[in-house]
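Below: one structure, written as structure tokens.
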Amino acid sequence: MLTIDSDSNIVYANPAVEDILGYAPAELIGSSKMKIIPERLEPVHVAALASYVATGERNIDWDGIELPALHKDGHEVPTLISLREHEHNGEQYFTGIIRDVTEQRQRESQLQEQKDRLNEFADILTHDIRNPLSIAYGYTEIAHEQHESPELERVLASLTRIDDLVSDILALSKRGEVVGETESVDIRECLHASWSSVETQQATLQLDDDLGVIAADKSRFQELLENLFRNAVEHAGAGATVTVGSLLDDTGLYIEDDGPGIAEPIRSEIFTHGYSTTADGTGYGLSIVSQIVEGHGWDIAVTTGSEGGARFEITW
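Residue numbers (full-length UniProt numbering): 1 to 316.
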């Protein structure tokens, strides 16, 4: 903490200043504040103080402004300074609370470097995925033209869905977002699209009559449903029945199956990234569901369904 008068002379410095700038308080008191100002910034500081004393108008943020300070050994220290004005015996004084933000800036720099590397990795991964994906799509399209079959149509639809997911997730990751722009989504239509994108084997999908619409990122909402359907089939079995309906007063959606359900002691763990109840499970599916739900500002809970299976309730 430093206090200066209206002529920029230092009249007080607390002991902590030595930890930040290397000066003992006695070395600063009585000298000009320019002693701790980098030479290139001296004219700016002089003009700013003179302008305020003359006009009373603040040209900087007094609650916290980042400025470099000059250490006793000559190097610059990034600091965050908050200012207060007070009067004593008719004299005007200014006190600055100085915080060393060196470690904070270093962490921010490291995080930015990590983000840049992740963005670069995402670009490379996207390129490497799209190359074999385009080849697979091309050959499948040729095969479908020569031998029309519902199986090949599903393969083409799945390849298109993969391409869409890659594009959407890459764009969101670069913006640091979980969900993108929302639109009015027909829930029934999205449920059917999600069901057809998942290997449901002999499972059956049952839908309530009136499901309405929801404001959502359509691609990510479909991804959410795909993961819940995949989870139901994997745990309830190939012949499972999956039921989807509206919660009371249209406050949300429930998705339940007729499988063995989820034991209450582990319900708080199933949305954790990497958590799985099977040896060959990745533990990513329900974690992705949780992220998408949270990204939309919704809530999700798991309970026991009407048939004893797992019931997921999404409230918006």
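Glycine is no exception: its CB is placed at the ideal position from the N, C-alpha and C atoms.
Which residues DSSP lists as bridging residue i, in chain order
i	result
residue 317	In this structure the chain extends from 1 to 316, so residue 317 is not present and cannot be described.
TYR284	Note: TYR284 sits in no beta bridge, so no partner.
SER32	ASN9
GLY96	LEU2, LEU83
GLU91	HIS88
For residue i, the first and last residue of its enclosing beta strand (DSSP E)
i	result
ARG188	No beta strand (DSSP E) holds ARG188; the alpha helix (DSSP H) holding it covers 187 to 196.
LEU67	65 to 70
THR204	204 to 207
PRO15	Segment: none, PRO15 is in no beta strand (DSSP E) and carries neither H nor E.
LEU2	2 to 5
PRO38	It is not in any beta strand (DSSP E) - PRO38 carries neither H nor E in the DSSP assignment.
GLU87	76 to 88
VAL244	241 to 246
For residue i, the three-state DSSP class (helix, strand or coil)
i	result
TYR52	helix
GLN291	helix
ARG161	helix
ILE266	helix
ILE169	helix
GLU183	strand
GLU57	coil
residue 320	In the structure displayed, the chain extends from 1 to 316; residue 320 sits before or after that span and is not available.
PRO260	coil
GLU199	coil
GLU307	coil
ASP250	helix
HIS45	helix
ALA24	coil
GLU177	coil
HIS235	helix
Best match in the options for proximity to residue i [C-alpha to C-alpha]
i	options	result
GLU76	ILE37, LEU111, LEU165, ILE314	ILE37
ASP7	ASN14, SER32, GLY22, LEU21	SER32
ASP100	GLY64, MET34, LEU111	GLY64
GLY261	LEU159, GLY237, GLY252	GLY237
THR79	GLU87, HIS86, LEU70, GLU85	LEU70
GLU66	ARG105, GLY56, GLY90, HIS86	ARG105
GLY90	VAL198, LEU228, ASP5, GLY212	ASP5
ALA122	GLU226, SER173, LEU133, GLU39	SER173
VAL155	GLU113, ILE124, ILE129, TYR137	TYR137
THR12	ASP210, GLU18, GLY30	Inspection of the sequence shows that residue 12 is occupied by Tyr rather than by Thr. For TYR12, the nearest C-alpha among the options comes from GLY30.
ASP250	ASP208, GLU226, VAL53	ASP208
SER306	TYR275, THR315, THR241	THR241
PHE312	MET1, THR55, LEU83, LEU253	LEU253
GLU199	PHE229, ASP73, ASP210	PHE229
GLU120	LEU170, LEU28, ASP210	LEU170
GLU141	LEU41, TRP298, LEU159	LEU159
SER197	ALA157, LEU49, HIS45	ALA157
ALA216	GLY309, ALA310, ASN131, ILE314	ILE314
VAL213	GLU27, TRP195, LEU191	LEU191
Range covered by the alpha helix (DSSP H) that runs through residue i
i	result
ASP217	First-last for ASP217: undefined, no H or E at that position.
residue 317	A question about residue 317 goes unanswered here, because the residues of the chain that appear run from 1 up to 316.
LEU211	Neither: LEU211 is in no alpha helix (DSSP H) and is coded neither H nor E.
Residue i Cβ short of 6 Å to the ligand GTP heavy atom set
i	result
GLY252	Absence of the ligand GTP from the depicted structure is noted, as is the absence of any ligand whatsoever, leaving it without description.
Short CB-CB distance (under 7 Å) between residue i and chain D
i	result
THR251	Considering every chain present, this structure includes no chain D. It has just one protein chain.
Taking three-plus beta-carbon pairs below 8 Å as touching, is the stretch 257 to 266 in contact with the stretch 233 to 242? yes
Would you be able to state if there are at least three C-beta pairs under 8 Å between the stretch 242 to 254 and the stretch 286 to 294? no
Between the stretch 218 to 229 and the stretch 176 to 188, are three or more C-beta pairs nearer than 8 Å? Verdict: yes, contact present.
Decide if the stretch 85 to 94 is in contact with the stretch 106 to 118; the criterion is three or more beta carbon pairs, one per stretch, under 8 Å apart. no
Touching or not, the stretch 130 to 148 and the stretch 187 to 207, by the rule of three or more beta carbon pairs under 8 Å? no
Please determine if the stretch 164 to 172 and the stretch 189 to 206 are in contact, where contact requires at least 3 C-beta pairs separated by less than 8 Å. no
Counting Cβ pairs, one atom from each stretch, are 3 or more of them under 8 Å apart for the stretch 296 to 316 and the stretch 262 to 278? yes
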